[in-house]
Amino acid sequence: MTDRRTELADNLARVEERISTACDKAGRAREDVTLIVVTKTYPASDVRLLAELGVREVAENRDQDAAPKAAACSDLSLTWHFVGQLQTNKVRSVANYADIVQSVDRARLVTALSKEAVRAGRELGCLLQVALDAESGDTRGATGERGGVAPAGVAALADAVAAAEGLRLDGLMTVAPLTGRYAGRPGAAFERLMEISSGLRVNHPAANMVSAGMSADLDEAVAAGATHVRVGTAVLGVRPRLG
Ligand SMILES: *Cc1c(COP(=O)(O)O)cnc(C)c1O
């Protein structure tokens, strides 16, 4: 084993232990939580090692970084998630390799994703990114500090995705806010996301994915009921540059 492979294996084992412990405490089955490893800023060679170590789901947040990496790893059977703020001019590229876009937060993006999914002949899974730091009652898209639709805008955006050709509404995603009433309270933020998810599932019962929790707060996310956690640093190490 190379040093890097050992390092990744050790880190994965530690993250796995955290997820299992959190599942036990919450009375949840381990299979109910899926680990997505966020490989942004790290090379395709790391993605390859992770795949050998059993990772099946990876995430990226910048198309410039993700597109060549996904191409270099196209022989691996991986599910690719896109989790970054997405400009409409990158949608054509992202639609070629992403299986699930977790950062859908405005109607214009839905239109663009639909068009490019159809062009690529692919079905794209979509999660609505919810901005829990947005003003209550705000129904516009893309309002949060890091993107995201305000809770009051979720229902309309969900209907738009569900009606769009080439798109599949899979659920919700959030990043624990750094500002506003949920600042420093990731557990409370994730519980709020679960409530919004329950509301969503009344009209869209299949949209049951809840993506929440990163390296610092995956334990709180599993406790709240997240189905997917997105973990970067705890598996790959502190990122060499901002991302
Ligand atoms: C980078 C990133 C993660 C992973 O964050 P870590 O703190 O490195 O685990 C998760 N979600 C999104 C949207 C990200 O951009």
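Note that full-length UniProt numbering numbers the sequence shown so that position 132 is 132, with each residue one more than the last.
Where is the CB? At the ideal position from N, CA and C, for every residue including glycine.
- [ ] Quick one: grab the DSSP three-state call for G187.
- [x] By 1-based counting over the sequence shown, the position of residue 187 is 187. Residue state, collapsed to three classes: helix.
- [ ] Look at the Cβ atom of T79, then the Cβ atom of D65, and state whether they are nearer than 9 Å.
- [x] Taking the sequence shown and counting its residues from 1, one reaches residue 79 at position 79. Taking the sequence shown and counting its residues from 1, one reaches residue 65 at position 65. No, these two residues do not count as a Cβ contact at 9 Å.
Task: Pair within 9 Å by beta-carbon distance, G199 and V154 - done: Taking the first residue of the sequence shown as 1, we reach residue 199 at position 199. Taking the first residue of the sequence shown as 1, we reach residue 154 at position 154. Yes; because the gap between Cβ atoms is below 9 Å, this pair is in contact.
Task: Which of helix, strand or coil DSSP assigns to R4 - done: Numbered from 1 along the sequence shown, position 4 holds the residue referred to as residue 4. Three-state DSSP puts R4 in a helix.
Task: Straight-line Cα distance separating V83 from A26 - done: Position 26 of the sequence shown holds residue 26. Position 83 of the sequence shown holds residue 83. Distance between the alpha carbons of A26 and V83 is about 26 Å.
Task: For ligand 1, residues whose Cβ lies under 5 Å from any non-hydrogen atom - done: For ligand 1, the residues with a Cβ under 5 Å from any of its heavy atoms are, in chain order, V38, N61, V83, M214, S215, R230, V231, G232 and T233.
Task: Supposed close pair D46, L236 - CB separation, criterion 8 Å - done: Residue mapping note: residue 46 aligns to position 46 of the sequence shown, counting from 1. Residue mapping note: residue 236 aligns to position 236 of the sequence shown, counting from 1. Cβ-Cβ separation between D46 and L236: approximately 6 Å, consistent with a contact (criterion under 8 Å).
- [ ] May I ask you to report which of helix, strand or coil DSSP gives L167?
- [x] Indexing the sequence shown from 1 puts residue 167 at position 167. Judged by DSSP in its simplified three-state form, L167 adopts strand.
TODO: State buried or exposed for V202, treating a residue as buried only when at least 16 other CB atoms are found within 10 Å of its CB.
DONE: If you number the sequence shown from 1, residue 202 lands on position 202. Burial call: exposed.
Task: Nearest neighbour of S209, chosen from R168, A216 and R239 [CA to CA] - done: Taking the first residue of the sequence shown as position 1, residue 209 is located at position 209. Reading off the sequence, residue 209 comes out as Met, not Ser. Answer by Cα proximity: R168.
Task: Candidates L8, A206 and V238, of which the one nearest L53 by Cα - done: Residue numbering aside, residue 53 sits at position 53 when the sequence shown is read from its first letter. Of the listed residues, the one whose Cα sits closest to L53 is L8.
- [ ] Please determine if the segment 27-35 and the segment 217-229 are in contact, where contact requires at least 3 C-beta pairs separated by less than 8 Å.
- [x] The segment 27-35, when compared against the segment 217-229, does touch it at the 8 Å Cβ threshold.
Open item on the list: For D170, count the other beta carbons within 10 Å of its own beta carbon; 16 or more makes it buried, fewer makes it exposed. Which is it?
Closed with: Stepping through the sequence shown from its first residue, residue 170 is reached at position 170. With 16 or more Cβ atoms within 10 Å of its Cβ, D170 is classed as buried.
Task: S215 (DSSP reduced to helix, strand or coil) - done: Position 215 of the sequence shown, counted from the first residue, corresponds to residue 215. If DSSP states are grouped into helix, strand and coil, S215 belongs with coil.
TODO: Consult DSSP for T88 and reduce its assignment to one of helix, strand or coil.
DONE: As a working mapping, residue 88 is identified with position 88 in the sequence shown. In this structure, T88 counts as helix in the three-state DSSP scheme.
TODO: Have a look at A164 and A156 and give me their C-alpha separation to the nearest angstrom.
DONE: The residue labelled residue 164 in the question sits at position 164 within the sequence shown. The residue labelled residue 156 in the question sits at position 156 within the sequence shown. Looking at the backbone, the Cα of A164 and that of A156 are separated by about 12 Å.
TODO: Give the range of the beta strand (DSSP E) segment to which V55 is assigned.
DONE: Working through the sequence shown from its first residue, we reach residue 55 at position 55. For V55, there is no enclosing beta strand (DSSP E), as DSSP marks it with neither H nor E.
Task: Residue burial classification, R181 (beta-carbon count within 10 angstroms, cutoff 16) - done: Taking the sequence shown and counting its residues from 1, one reaches residue 181 at position 181. By the neighbour-count rule (16 or more Cβ atoms within 10 Å), R181 is not buried but exposed.
- [ ] Report yes if the C-beta distance between A95 and R122 is below 9 Å; otherwise report no.
- [x] Here residue 95 is taken as the residue at index 95 of the sequence shown, counted from 1. Here residue 122 is taken as the residue at index 122 of the sequence shown, counted from 1. Against a cut-off of 9 Å, the Cβ pair of R122 and A95 comes out as a contact.
Open item on the list: Within the continuous beta strand (DSSP E) that includes S74, where are the two ends?
Closed with: Reading the sequence shown from its first residue, position 74 is the one you call residue 74. No beta strand (DSSP E) holds S74; DSSP gives it neither H nor E.
Task: G166 beta carbon less than 9 Å from that of S103 - done: Counting from one through the sequence shown, the residue named residue 103 turns up at place 103. Counting from one through the sequence shown, the residue named residue 166 turns up at place 166. Taking 9 Å as the Cβ cut-off, S103 and G166 do not qualify as a contacting pair.
Task: Entirely enclosed beta strand (DSSP E) segments - the segment 10-36, minimum 3 residues - done: The qualifying runs do not exist here; there are none.
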